[in-house]
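Just below is one structure, and these are the notes that go with it.
Residue numbers (the working numbering): 375 to 789.
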């Protein structure tokens, strides 16, 4: 028996990377399949890395873990997150984060959903290209929010200086701005001096900055080596209770525990409490047992050695990923200084492979997954034509090195 769904349920497409996985699954892909190279994946490799602490793979449950936890997260984890930010970014500063400045949720999309559900009727800026999930997250609230796109061109290295951002804020009369830093997909990094300028602008113009810092551990220096430390707006906040800044992060990327689905926001107490209240209607709170696990990952010695190991391993893979496209004829005008992605142009390839969709479809035939750049054109409600050219493609160096190199070899053979 079939059921009638037309008129009741709307047809929803998979977003970005999930669409890629769905298409590949029809051809036999599954996570860990040795015959596939997932150069489209949005997660880092999760196995052991040289110099990293042992993976946390066991936990002893108690009956208390079977009960609902607080919607904003357990105190133990909230305190650990606040201490983590104070230790890395706020040494010697009078204003310090406490557990009241932290709310925990079951992953990045969920914590972003809570955050956007808490925003009022405002003019809400977002950057393009940027994280694919922002499109639907903003679209759900278009009855209340007015999304305003700020398109950042490759001709400007996908960067906005503080002065350029101030011009855009004034021109579009923005009340808030959401962006990922470093940027998924371009890898563009708002570095220390510019990040301080962004926060100065936010204070002067009372514009809320919502900064998605999930890739803040994946930072590289100008020579391509691992940076000494991560980057966060938390270092440039003057007063944790009055600065109009909210930071979004979690264990998914930098700590390499995507399956745990532990994310958080850090910001002024009033905002954090409001976002936690949103959880009472949206999700009810994150699993307690996973939050207890997360506190182990945030122990200072564990967190620091993990971050250094991540940057060392991924800086090596980044250099390999940069070299291979050049040999294939791909253009990488602005190599990433953050994330584990490469944003490349196919325009100099022969037809049909100079078109990202054709490149993607042919790649699947060679058991290699990539992501066409058009997916990162954040366009809530599809109210305008896409401005990202058809030649742009995102490649991930998230997989283990051997698997990544196998995928690059297949793409070179395909070309």
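Note that the Cβ used here is the ideal one computed from N, Cα and C, for glycine as well.
Shown here, residue 500 sits in a strand according to DSSP, grouped into three states. The straight-line gap separating the alpha-carbon atoms of residue 720 and residue 730 is approximately 7 Å. Straight through space, the alpha carbons of residue 461 and residue 682 are spaced by roughly 16 Å. Under the three-state reduction of DSSP, residue 586 is assigned to strand.
Collapsing the DSSP output to three states places residue 769 in a strand.
In the three-state reduction of the DSSP assignment, residue 481 falls in the coil class, being assigned neither a helical nor a strand state. By the C-beta criterion, the region 706 to 721 is judged not to be in contact with the region 449 to 461, since fewer than 3 inter-stretch pairs fall below 8 Å. Residue 563 sits in coil when the DSSP states are folded into three classes, being neither helix nor strand.
In this structure, the beta-carbon distance from residue 515 to residue 552 does not fall below 8 Å. Per DSSP, residue 426 is not a residue of any alpha helix (DSSP H), being assigned neither H nor E.
Judged by DSSP in its simplified three-state form, residue 409 adopts coil rather than helix or strand. 403 is the residue among 385, 391, 381, 403 whose C-alpha sits nearest the C-alpha of residue 739. Residue nearest to residue 606 within the set 764, 464, 767 is 464 (criterion: CA-CA distance). In terms of Cβ geometry, residue 621 and residue 608 form a close pair [threshold 8 Å].
Judged by DSSP secondary structure, residue 552 falls within the beta strand (DSSP E) whose first and last residues are 550 to 554. Counting the other Cβ atoms within 10 Å of the Cβ of residue 425 gives fewer than 16, which makes it exposed.
The region 540 to 556 makes contact with the region 581 to 593, as at least three CB pairs between them are under 8 Å.
Shown here, residue 719 sits in a strand according to DSSP, grouped into three states. If you check the CB distance, residue 712 and residue 443 do not come in under 8 Å. Judged by DSSP secondary structure, residue 639 falls within the beta strand (DSSP E) whose first and last residues are 637 to 640.
Annotation: residue 736 is outside any beta strand (DSSP E); the continuous alpha helix (DSSP H) that includes it extends over 730 to 739. If you look at residue 395, you'll find it in the alpha helix (DSSP H) that goes 390 to 399.
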